[in-house]
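Notes for the one structure printed next.
2 protein chains.
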Amino acid sequence: MVEPHRSPLNRARVLEAAIALADEAGPDALSMRSLSARLGVVPMALYKHVADKDDLVSGVIDTVVSRYPAPDAGLGWRESVRYRVHAARAALERHPWLRSGILQATRQSPAVLAHLDAVAGDLARAGFSYDLIHYGMHALGHRVWGFAPEAFSPAPGAAPAPAPDPAQLAALAAAFPHVASIAADSTARNPAGACDDDAEFDFGLELLLDAMERLHAAGWVSR
Amino acid sequence: MVEPHRSPLNRARVLEAAIALADEAGPDALSMRSLSARLGVVPMALYKHVADKDDLVSGVIDTVVSRYPAPDAGLGWRESVRYRVHAARAALERHPWLRSGILQATRQSPAVLAHLDAVAGDLARAGFSYDLIHYGMHALGHRVWGFAPEAFSPAPGAAPAPAPDPAQLAALAAAFPHVASIAADSTARNPAGACDDDAEFDFGLELLLDAMERLHAAGWVSR
DNA sequence: GAGTCAGGTGTACGGCGTACACCTGAGCTA
DNA sequence: TAGCTCAGGTGTACGCCGTACACCTGACTC
Numbered sequence: 015m016v017e018p019h020r021s022p023l024n025r026a027r028v029l030e031a032a033i034a035l036a037d038e039a040g041p042d043a044l045s046m047r048s049l050s051a052r053l054g055v056v057p058m059a060l061y062k063h064v065a066d067k068d069d070l071v072s073g074v075i076d077t078v079v080s081r082y083p084a085p086d087a088g089l090g091w092r093e094s095v096r097y098r099v100h101a102a103r104a105a106l107e108r109h110p111w112l113r114s115g116i117l118q119a120t121r122q123s124p125a126v127l128a129h130l131d132a133v134a135g136d137l138a139r140a141g142f143s144y145d146l147i148h149y150g151m152h153a154l155g156h157r158v159w160g161f162a163p164e165a166f167s168p169a170p171g172a173a174p175a176p177a178p179d180p181a182q183l184a185a186l187a188a189a190f191p192h193v194a195s196i197a198a199d200s201t202a203r204n205p206a207g208a209c210d211d212d213a214e215f216d217f218g219l220e221l222l223l224d225a226m227e228r229l230h231a232a233g234w235v236s237r
Numbered sequence: 015m016v017e018p019h020r021s022p023l024n025r026a027r028v029l030e031a032a033i034a035l036a037d038e039a040g041p042d043a044l045s046m047r048s049l050s051a052r053l054g055v056v057p058m059a060l061y062k063h064v065a066d067k068d069d070l071v072s073g074v075i076d077t078v079v080s081r082y083p084a085p086d087a088g089l090g091w092r093e094s095v096r097y098r099v100h101a102a103r104a105a106l107e108r109h110p111w112l113r114s115g116i117l118q119a120t121r122q123s124p125a126v127l128a129h130l131d132a133v134a135g136d137l138a139r140a141g142f143s144y145d146l147i148h149y150g151m152h153a154l155g156h157r158v159w160g161f162a163p164e165a166f167s168p169a170p171g172a173a174p175a176p177a178p179d180p181a182q183l184a185a186l187a188a189a190f191p192h193v194a195s196i197a198a199d200s201t202a203r204n205p206a207g208a209c210d211d212d213a214e215f216d217f218g219l220e221l222l223l224d225a226m227e228r229l230h231a232a233g234w235v236s237r
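Residue numbers (the numbering used here), protein chains in the order written: chain V, 15 to 237; chain E, 15 to 237.
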């Protein structure tokens, strides 16, 4: 019945399959049941390799983050941090579900810690105080993972603008004039209509790096 | 059998009960079934007042956000924005589940739009260009909702440090020296040990407001 | 007095994570 | 060689979830 000598599962193969499944079908499709089906195995078999669902997604995050490339050693702190953040952003583009995974996983993972440690190390080597590094990284927030903390569209995979009829749209513009003006200004500048995600992301990133540079030079101390 | 003339449900009462339930038992306990039980009604009855679960949580968010107080009209743009952001933060403290709700809800809500519009309005009245307002609010990100985009502990309600044994801790410190140094520096400054969330939040907020002020004065334009 | 209809009911389906008992076969030891 | 251990896969079951669909009921209208 069983394939002769089907090599036994292990954690790495489970995680790899989970990544592939999420890539193909999105984060919601990553269930213990569908994953086990993909591996030709019964759902409970996964629990021999993974403590629970949370451990699974933490492991997936860990696997992906552990593959972030490292910047050249010779780079300045700013280029180095930027490189790491953009590397995270690039991974996010290849695995859009990563965002929800990072938001969902609760177990701390070595690779995740290593990424944070590396960013902190870039700053420490440049002479930043750990006090400033600490506060600065909190200010950076999710940006160190390559995505901005969006206040607008919480779910980036949701319905893409349900074609609002003009009357409704006019009412909206009247009720929320400033939001409407932002939209108008934005489409005037970029007729394609959508936000320029990359530009906005880099705007925020450089803003914060600038600020940290200035505070470092000024000998900032907390409180 | 039924209570005589039990007043019929309506959307507002459903949302109010949902808020109370979330306050008492957390966001995970807010299910259609438990909510209906609380209202003495069968689960499907809720669907007469709410389109689906997502509509429920969107409605809850809308209700809470619509109660954010408004700053005095005479305030400067900076005080006004700060007031709104801190008002959101205060609401978050009263309803910790709000964070997960905001992250989870996908339907756009009038109150949410109004909050964003109000912040944008504060800036617009001070003469900021909509271009800068747009980019600036993206940089602010979730901070306009009163919570920082945490890169460290994704789930603020999770296990509170599982008392790691010293050997393990030393190994961690060796593997992640910069993270360890940050922790050491932080506990040296604040023997209580924990991060000073408020100080970190305000640090990031003021950083961004400073930057926006400077860019505005310099006549910044995107691209 | 018949019709409409808002609002509450009951049943059911298909999904989820996972506890628990069990089986199986390879590898070791006596 | 007989028996043991034990890692790894199985099968069944439970309790939860959101919600589709058909139904009932009682108030209000023409």
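Virtual Cβ for every residue (Gly too), placed ideally from N, Cα, C.
Here the structure is a predicted model, which is why all the values come from computation and not from measurement.
**Message:** With a threshold of 8 Å, are at least 3 pairs of Cβ atoms found where one atom belongs to the region 117-130 of chain V and the other to the region 188-195 of chain E?
**Reply:** yes
**Prompt:** Do the region 90-107 of chain V and the region 40-53 of chain V make contact, defined as three or more Cβ pairs closer than 8 Å?
**Reply:** no
**Message:** Looking only at its chain, what residues have a beta carbon closer than 7 Å to the beta carbon of V/Ala101, apart from the 5 residues adjacent to it on each side?
**Reply:** Tyr82, Pro83
**C-alpha distance - E/Trp234 paired with E/Leu146, whole-angstrom precision** = Approximately 7 Å, taken between the alpha carbons.
**Request:** Give me the Cα-Cα distance between V/Ala194 and E/Arg96, rounded to the nearest whole angstrom.
**Result:** 22 Å
**Prompt:** Excluding five sequence neighbours on each side, which residues of the same chain lie with their C-beta closer than 6 Å to the C-beta of V/Cys4?
**Reply:** Residue coverage of chain V in this structure runs from 15 to 237, which leaves residue 4 of chain V outside it and unanswerable.
**Candidates E/Phe142, E/Pro57, E/Ile33: closest to E/Arg108 by CA position** = For E/Arg108, the closest of E/Phe142, E/Pro57, E/Ile33 by C-alpha to C-alpha distance is E/Ile33.
**Request:** Using a Cβ cut-off of 8 Å (strictly closer), state whether V/Trp111 contacts chain E.
**Result:** no
**Prompt:** Are V/His148 and E/Gly218 closer than 8 Å when you measure CB to CB?
**Reply:** no
**Prompt:** Enumerated in chain order, which unbroken segments of the alpha helix (DSSP H) with a length of 4 residues or greater are wholly contained in the region 185-215 of chain E?
**Reply:** Taking only runs of at least 4 residues, the alpha helix (DSSP H) segments lying wholly in the region 185-215 of chain E are 191-203.
**Request:** Let me know the secondary structure DSSP gives E/Leu219 once reduced to three states.
**Result:** The answer is helix: DSSP assigns E/Leu219 an H, G or I state.
**Item:** Residues that V/Ser236 contacts on chain E, provided the C-beta gap is smaller than 7 Å
**Value:** In chain order, Arg203, Ala213 make up the part of chain E whose C-beta sits under 7 Å from the C-beta of V/Ser236.
**Request:** Please work out which residues of its chain come closer than 8 Å, Cβ to Cβ, to V/Val56, disregarding the five sequence neighbours upstream and downstream, and give them in chain order.
**Result:** Within the same chain, and ignoring the five residues on either side of V/Val56 in sequence, the residues whose Cβ sits closer than 8 Å to its Cβ are Ser50.
**Message:** So the candidates are V/Leu70, V/Asp42, V/Ser123; which of them puts its Cα closest to the Cα of V/Val79?
**Reply:** The residue from V/Leu70, V/Asp42, V/Ser123 with its alpha-carbon nearest to that of V/Val79 is V/Ser123.
**Request:** Could you work out which residues of chain V lie near E/Leu60, taking near to mean beta carbons separated by less than 9 Å?
**Result:** Simply none; closest approach about 22 Å.
**Prompt:** Could you give the distance in angstroms between the alpha-carbon of E/Val158 and the alpha-carbon of E/Ala213?
**Reply:** 16 Å
**Prompt:** Which two residues bound the contiguous alpha helix (DSSP H) that contains V/Pro85?
**Reply:** Careful: V/Pro85 lies outside any alpha helix (DSSP H) and carries neither H nor E.
**Residue span of the alpha helix (DSSP H) that contains E/Val126, given as start and end** = From DSSP, the alpha helix (DSSP H) with E/Val126 extends over 124-139.
**Through-space distance from V/Gly54 to V/Gly64, alpha-carbon basis** = The question names Gly, but residue 64 of chain V is Val in the sequence shown. Their backbone Cα atoms lie some 16 Å apart in a straight line.
**Request:** Report, in whole angstroms, the separation of the C-beta atoms of V/Ala26 and V/Arg52, which I expect to be a contact under 8 Å.
**Result:** Between V/Arg52 and V/Ala26 the Cβ distance is about 15 Å, and since that is not below 8 Å, they are no contact.
**Asked** When you compare only the Cα positions, how much space is there between V/Arg228 and V/Phe215?
**Response** Annotation: V/Arg228 to V/Phe215 spans about 20 Å, alpha carbon to alpha carbon.
**Message:** Taking CB distances under 8 Å as the criterion, tell me whether V/Tyr239 reaches chain E.
**Reply:** For residue 239 of chain V there is no data in the structure shown, the boundaries of chain V being 15 and 237.
**Prompt:** Skipping 5 residues on each side, what residues in its chain have a beta carbon closer than 8 Å to that of V/Leu223?
**Reply:** Arg92, Val95, Arg96
**Message:** Please report the distance separating the alpha-carbon of V/Ala173 from that of E/Leu183.
**Reply:** Residue placement at V/Ala173 is poorly supported in this model, since its pLDDT is 47, which falls under 50; the coordinates still yield a value, given next. Each residue's alpha carbon lies about 45 Å from the other.
**Message:** Measuring only the C-alpha atoms, how far is V/Leu154 from E/Leu23?
**Reply:** 45 Å
**Asked** Below 8 Å between beta carbons: does that hold for V/Pro41 and V/Ser114?
**Response** yes
**Asked** Along chain E, in chain order, which residues have C-beta atoms closer than 9 Å to that of V/Gly73?
**Response** The premise fails here: V/Gly73 is roughly 15 Å from chain E at the closest Cβ pair, so nothing lies under 9 Å.
**Asked** Taking the alpha-carbon positions, what's the V/Leu137 to E/Ile196 distance?
**Response** 12 Å
**Uninterrupted alpha helix (DSSP H) stretches inside the region 33-119 of chain V (no shorter than 4 residues)** = 46-52, 67-79, 91-108, 112-118
**Request:** Buried or exposed for E/Ala206, please, with buried defined as at least 16 other CB atoms from any protein chain shown within 10 angstroms of its CB.
**Result:** exposed
**Under 8 Å by beta carbon: chain V residues contacting E/His100** = Under the 8 Å cutoff, chain V gives no residues; its nearest Cβ is about 16 Å from E/His100.
**Prompt:** Applying a beta-carbon distance threshold of less than 8 Å, which residues of chain E neighbour V/Trp159?
**Reply:** Below the 8 Å Cβ cutoff, chain E contributes Ala165 as neighbours of V/Trp159, in chain order.
**Message:** Within 8 Å of any Cβ in chain V, is that where the Cβ of E/Ala43 sits?
**Reply:** It does not; no Cβ of chain V falls within 8 Å.
**Item:** Buried versus exposed, by CB contacts within 10 Å (16 or more), E/Arg98
**Value:** A residue is called buried when at least 16 other Cβ atoms come within 10 angstroms of its Cβ; E/Arg98 meets this threshold and is buried.
**Asked** Between which two residues does the alpha helix (DSSP H) containing E/Ala232 stretch?
**Response** Note, E/Ala232: premise wrong, no alpha helix (DSSP H); not H, not E.
**Asked** Between V/Leu112 and V/Thr77, which are expected to be in contact by the criterion C-beta below 8 Å, what is the C-beta distance as a whole number of angstroms?
**Response** Actually they do not touch by this definition, with Cβ atoms about 11 Å apart.
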